[in-house]
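Following: one structure in C-alpha cells, then a few remarks.
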Amino acid sequence: MKFYCIILILLTRIFTIKSLTEIVSTRDCFSIASNPLKLFGVRIMSYPEKGKKTCYYSPPQNDYYFSILINNLNLNKINGVCPKLTLEVFQNVWYDLDPSNYIQLRFEVPLTPKLIFEADCTNFKSKIKNIVETTAPGDKVILYYDPGNEVAPSDAYFITLSAYMIGQSYSCPANKYRCWNSNFKCIDESLVCDNVDNCYDNSDENDYRCTGRLGDLPMPLFIIIIIAAILMLIFIMMVIILIMRNRKSAKYRKQEDGMKANSRTYEDETLPPHSYMS
Numbered sequence: 033m034k035f036y037c038i039i040l041i042l043l044t045r046i047f048t049i050k051s052l053t054e055i056v057s058t059r060d061c062f063s064i065a066s067n068p069l070k071l072f073g074v075r076i077m078s079y080p081e082k083g084k085k086t087c088y089y090s091p092p093q094n095d096y097y098f099s100i101l102i103n104n105l106n107l108n109k110i111n112g113v114c115p116k117l118t119l120e121v122f123q124n125v126w127y128d129l130d131p132s133n134y135i136q137l138r139f140e141v142p143l144t145p146k147l148i149f150e151a152d153c154t155n156f157k158s159k160i161k162n163i164v165e166t167t168a169p170g171d172k173v174i175l176y177y178d179p180g181n182e183v184a185p186s187d188a189y190f191i192t193l194s195a196y197m198i199g200q201s202y203s204c205p206a207n208k209y210r211c212w213n214s215n216f217k218c219i220d221e222s223l224v225c226d227n228v229d230n231c232y233d234n235s236d237e238n239d240y241r242c243t244g245r246l247g248d249l250p251m252p253l254f255i256i257i258i259i260a261a262i263l264m265l266i267f268i269m270m271v272i273i274l275i276m277r278n279r280k281s282a283k284y285r286k287q288e289d290g291m292k293a294n295s296r297t298y299e300d301e302t303l304p305p306h307s308y309m310s
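The opening position of the sequence shown corresponds to residue 33 in this note's numbering, with each subsequent residue numbered one higher.
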C-alpha cells in the first residue's frame, strides 16, 4: 500500500507544473513601502482603472538584484493627458507626517529613492524592450503610473521583474541557473522552463533544456523513474506469487501427511491379531 501511495505522490508532482513567475495586475499590487510583494519573478500588467498607481516589489532575499524588462508600453495621450511611468529603487522606509491631515497621521515614505527608468507619451516607443537593473543587492522597486485623472488602458504597460543573485564566474550555486548572456547572473531554478523569459535572452526557455520535460522533471529522469517503478512492481508481484505458492505447497504437504497418517491408522485397525505374531 505504501508503494502505491509513493507512486501516486510522485506522479502528482510530475504532472503539476510549478512556476514562480507570477502574473500580477496593478489592481492587486502592494501599496505599502514596508510590505512589498516578494517574488523570484513577476510579470506586471496594467489594469483599466482610474487614477494613479503606486506598487512596491522586492527580491525574495537581501542578496538578490532585480533585472527589469519593459515588454510593452502604451502611453499615448488620454483625453489630452500625457501618462507617465517611472521605476525607482530604494532600500529602507521612514515615517513622515501628513501635513494635509490635522490629526497628523504618520505614513511610510521610501528613503532616498533613485530613479532608474522613466517614460511618457513623448518617448515610450523607444523604451519598449529596454532592460534596467537595480543598483544594489536587496533594492526594492517602486512602479509609479500616472494617467492624470483618466482611466488607464489595459495595455498601458507590461513589465517583467526577475530576481537574480551574483554567482562566481561561469558558476551558480545549487538550485540556481546561470543565464547565457552573463557569466555571473543566477536565477532561481524554478524560473527555468516556465514559459517566461526571465534571462531576457531566452536561455532559460531554450528548446535544448526544456524540450523533453514533463512537469518540472527532465524526460530521461522521468523514464528512469517509471522503469524503476515498473521493476519494483514486478518484484513485489513475484514475491507475492512465491509466498502464495509456498503456502499452497505447505498446505498440500500437510494434507498428504494427514492422509498418510489416517491410512496407517486404518491399516493397523483392520489387521487380524495373528498377523502380529507371524
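Positions of the beta carbon are idealized from the N, C-alpha and C atoms, including for glycine. Predicted, not measured: the structure shown is a model, and the values here were computed from it.
The beta strand (DSSP E) enclosing residue i, as first and last residue numbers
| i | result |
| --- | --- |
| Phe-149 | 146-152 |
| Glu-237 | Note, Glu-237: premise wrong, no beta strand (DSSP E); not H, not E. |
| Thr-86 | 85-90 |
| Lys-109 | Premise fails: Lys-109 is in no beta strand (DSSP E) and is neither H nor E. |
| Glu-165 | 163-165 |
| Arg-210 | 208-210 |
| Cys-225 | Counting along the chain, Cys-225 falls outside any beta strand (DSSP E), and DSSP gives it neither H nor E. |
| Phe-122 | 116-122 |
| Tyr-176 | 172-178 |
| Asn-103 | 96-105 |
| Arg-75 | 73-77 |
| Ser-57 | 53-57 |
Limits of the alpha helix (DSSP H) - the one that residue i falls within
| i | result |
| --- | --- |
| Ser-194 | Looking at the DSSP string, Ser-194 is not in any alpha helix (DSSP H); the run it does join, the beta strand (DSSP E), is 189-198. |
| Phe-156 | 156-159 |
Supposed close pair residue i, residue j - CB separation, criterion 8 Å
| i | j | result |
| --- | --- | --- |
| Tyr-330 | Asp-236 | Only positions 33 to 310 of the chain appear in the structure, and residue 330 is not among them; the question remains open. |
| Tyr-79 | Leu-193 | Contact doesn't hold; Cβ gap of about 17 Å is too wide. |
| Met-270 | Phe-190 | Actually they are not in contact, since the Cβ atoms of Met-270 and Phe-190 sit about 58 Å apart, beyond 8 Å. |
| Thr-58 | Tyr-177 | 7 Å |
| Phe-156 | Leu-105 | 4 Å |
| Tyr-240 | Lys-217 | With 8 Å as the limit, Tyr-240 and Lys-217 do not qualify as a contact, their Cβ atoms being about 19 Å apart. |
| Cys-153 | Lys-109 | 5 Å |
| Ala-206 | Leu-107 | In fact, because the Cβ distance is near 42 Å, the residues do not count as touching under 8 Å. |
| Asn-234 | Glu-182 | That belief does not hold up - the Cβ atoms of Asn-234 and Glu-182 are roughly 36 Å apart, past 8 Å. |
Residue-chain proximity (residue i, chain D), Cβ-Cβ < 8 Å
| i | result |
| --- | --- |
| Leu-107 | Going by chain labels, chain D is absent from the structure shown, which holds only one protein chain. |
Nearest neighbour of residue i, chosen from the options [CA to CA]
| i | options | result |
| --- | --- | --- |
| Leu-143 | Lys-116, Asp-171 and Asn-162 | Asp-171 |
| Lys-82 | Ala-184, Val-121 and Tyr-240 | Ala-184 |
| Glu-140 | Ala-151, Trp-126 and Pro-91 | Trp-126 |
| Ala-65 | Thr-167, Tyr-97, Ile-174 and Leu-71 | Ile-174 |
| Phe-98 | Ile-262, Tyr-232 and Cys-242 | Tyr-232 |
| Ala-151 | Ala-168, Pro-179, Met-276 and Asn-124 | Pro-179 |
| Thr-86 | Asp-60, Lys-70 and Arg-75 | Asp-60 |
| Gly-199 | Ile-100, Arg-75, Tyr-96 and Pro-91 | Tyr-96 |
| Pro-91 | Thr-166, Gln-287 and Arg-277 | Thr-166 |
| Leu-147 | Tyr-196, Asn-108, Val-164 and Ile-102 | Val-164 |
| Val-121 | Asn-227, Pro-145 and Ile-255 | Pro-145 |
| Asn-230 | Asn-215, Tyr-240 and Cys-211 | Cys-211 |
| Cys-225 | Ser-186, Ala-188 and Asn-238 | Asn-238 |
| Ile-160 | Asn-103, Lys-70 and Phe-149 | Asn-103 |
| Asn-67 | Ile-266, Ala-168 and Asn-124 | Asn-124 |
| Pro-169 | Cys-242, Asn-111, Gln-93 and Ile-256 | Gln-93 |
| Val-74 | Leu-274, Lys-283, Val-228 and Asn-181 | Val-228 |
TODO: Report yes or no: do three or more beta-carbon pairs, one from the stretch 215-231 and one from the stretch 111-119, lie closer than 8 Å?
DONE: no
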